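Note that full-length UniProt numbering has the sequence shown beginning at 777, numbered continuously upward. Written below as structure tokens is the structure these notes are about.
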Amino acid sequence: ELEAVIFDLDGVITDSAEYHYLAWKQLCDELEIPFDRQFNNNLKGVGRMASLELLLARGTRSYSPEEKASFAARKNEYYKKLIARITPDDLLPGIDALLSALHEAGIRTALASASRNASAILGYLGISDRFDVVTDPGALKKGKPDPEQFFLAAELLGVPYRNCIGIEDAQAGIDAINAAGMLSVGIGGYLEGAALRLSSTAELSLERLREAFFRR
Ligand code: G6P
Ligand code: MG
Numbered sequence: 777e778l779e780a781v782i783f784d785l786d787g788v789i790t791d792s793a794e795y796h797y798l799a800w801k802q803l804c805d806e807l808e809i810p811f812d813r814q815f816n817n818n819l820k821g822v823g824r825m826a827s828l829e830l831l832l833a834r835g836t837r838s839y840s841p842e843e844k845a846s847f848a849a850r851k852n853e854y855y856k857k858l859i860a861r862i863t864p865d866d867l868l869p870g871i872d873a874l875l876s877a878l879h880e881a882g883i884r885t886a887l888a889s890a891s892r893n894a895s896a897i898l899g900y901l902g903i904s905d906r907f908d909v910v911t912d913p914g915a916l917k918k919g920k921p922d923p924e925q926f927f928l929a930a931e932l933l934g935v936p937y938r939n940c941i942g943i944e945d946a947q948a949g950i951d952a953i954n955a956a957g958m959l960s961v962g963i964g965g966y967l968e969g970a971a972l973r974l975s976s977t978a979e980l981s982l983e984r985l986r987e988a989f990f991r992r
């Protein structure tokens, strides 16, 4: 029985993936490190320090831990300025309706975002009270593609893993959902191993989720 839906944030609830891209782009320009939208796909779902390491590996020199910490902080300052523009109008299509339908059907909801800015973004979107559980990425030992955050979300919801669906826009996220034994829904692009692939959140509906869940 389908009991819970666990959502990624960036690229699923709102298009903050674009703001991550712009903030990293500014830092990379300053450090003269090549960076484009295509490489940015590798950073989706990947935590802040791990993303920085992937970017610095493309440069020509190495940096001290202190320098790395200051780069990560700088990127986050750029990012925080960008997300402060987010309003309730920036909810991706279909999300508001899906959250309402899930609530009415008694299906529980959780957020599983690697972002330490997730709560702030929920606030800007005006949807802080619409998830039963918001997992804290600071409480995790391993990031996606490890399933830890999806396990944590299900445990906090009190729902068996197999009765959960996870929705993600990143390959690391799909891998994490599959490793957790949940049904994976991939949004946009080509996501390997996604049980259901949708080109946009506008295609999300409770009926589609139910159908995919029972087809499994
Ligand atoms: C999400 C995004 C990543 C981002 C990570 C950490 O997983 O998809 O692009 O690096 O969160 O976000 P933060 O806001 O904590 O730097
Ligand atoms: Mg994402």
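Note that beta-carbon positions come from the ideal geometry of N, C-alpha and C, so glycine has one too. Bear in mind the structure is a predicted one, so any value in this text is a computation, not a measurement.
Do residue i and residue j have their C-beta atoms within less than 8 Å of each other?
{"i": "L887", "j": "F783", "result": "yes"}
{"i": "I897", "j": "V781", "result": "no"}
{"i": "Q855", "j": "Y795", "result": "This sequence places Tyr at residue 855; Gln is not what is there. Yes. Within cutoff."}
{"i": "A890", "j": "P921", "result": "no"}
{"i": "L867", "j": "L901", "result": "yes"}
{"i": "L778", "j": "R986", "result": "yes"}
{"i": "residue 1028", "j": "G870", "result": "Because the chain spans 777 through 992 in this model, residue 1028 falls outside it and cannot be assessed."}
{"i": "A956", "j": "F926", "result": "yes"}
{"i": "G835", "j": "L807", "result": "yes"}
Leaving out five residues before and five after residue i in sequence, what residues of the same chain have Cβ atoms less than 7 Å from its Cβ?
{"i": "K918", "result": "E924"}
{"i": "L848", "result": "Correcting the residue type first, residue 848 is Ala in the shown sequence and not Leu. Contacts found: R824, M825 and L828."}
{"i": "T790", "result": "I862, D866, L867, L868, I897 and L901"}
At a cut-off of 7 Å, is residue i close to the ligand MG when judged by its beta-carbon and the heavy atoms of the ligand?
{"i": "G821", "result": "yes"}
{"i": "A971", "result": "no"}
{"i": "G870", "result": "no"}
Below 8 Å on the Cβ atoms is my contact criterion, and I expect residue i with residue j to pass it. Report the Cβ-Cβ distance as a whole number of Å.
{"i": "A948", "j": "K820", "result": "7 Å"}
{"i": "N816", "j": "Y797", "result": "5 Å"}
{"i": "I809", "j": "L831", "result": "6 Å"}
{"i": "I941", "j": "I963", "result": "About 12 Å; that fails the 8 Å criterion."}
{"i": "I950", "j": "G969", "result": "6 Å"}
So, at 8 Å on beta carbons, what are the nonlocal neighbours of residue i in its own chain, with the 5 sequence-adjacent residues on each side left out?
{"i": "L982", "result": "L874, A877, L878, A881 and I883"}
Run the proximity test for residue i: is its beta-carbon closer than 7 Å to any non-hydrogen atom belonging to the ligand G6P?
{"i": "A860", "result": "no"}
{"i": "R824", "result": "yes"}
{"i": "R892", "result": "yes"}
{"i": "N954", "result": "no"}
Near residue i, which residues of its chain fall below 6 Å by C-beta distance, leaving aside the five closest residues on each side in sequence?
{"i": "L932", "result": "V909"}
{"i": "G787", "result": "A793 and D945"}
{"i": "L972", "result": "V961 and A988"}
Is residue i near the ligand MN, with its Cβ less than 7 Å from a heavy atom?
{"i": "G964", "result": "With respect to the ligand MN, the structure offers nothing, as its ligand set consists of the ligand G6P and the ligand MG."}
Checklist entry - Of all the alpha helix (DSSP H) runs that stay within the bounds of the segment 925–989, which reach a length of 4 or more residues? => result The segment 925–989 contains these whole alpha helix (DSSP H) runs: 947–955.
Checklist entry - Counting only runs that start and end within the segment 871–930, where is the beta strand (DSSP E) found for 3 or more residues in a row? => result Annotation note: the segment 871–930 contains the following uninterrupted beta strand (DSSP E) runs of length 3 or greater, listed N- to C-terminal: 884–887.
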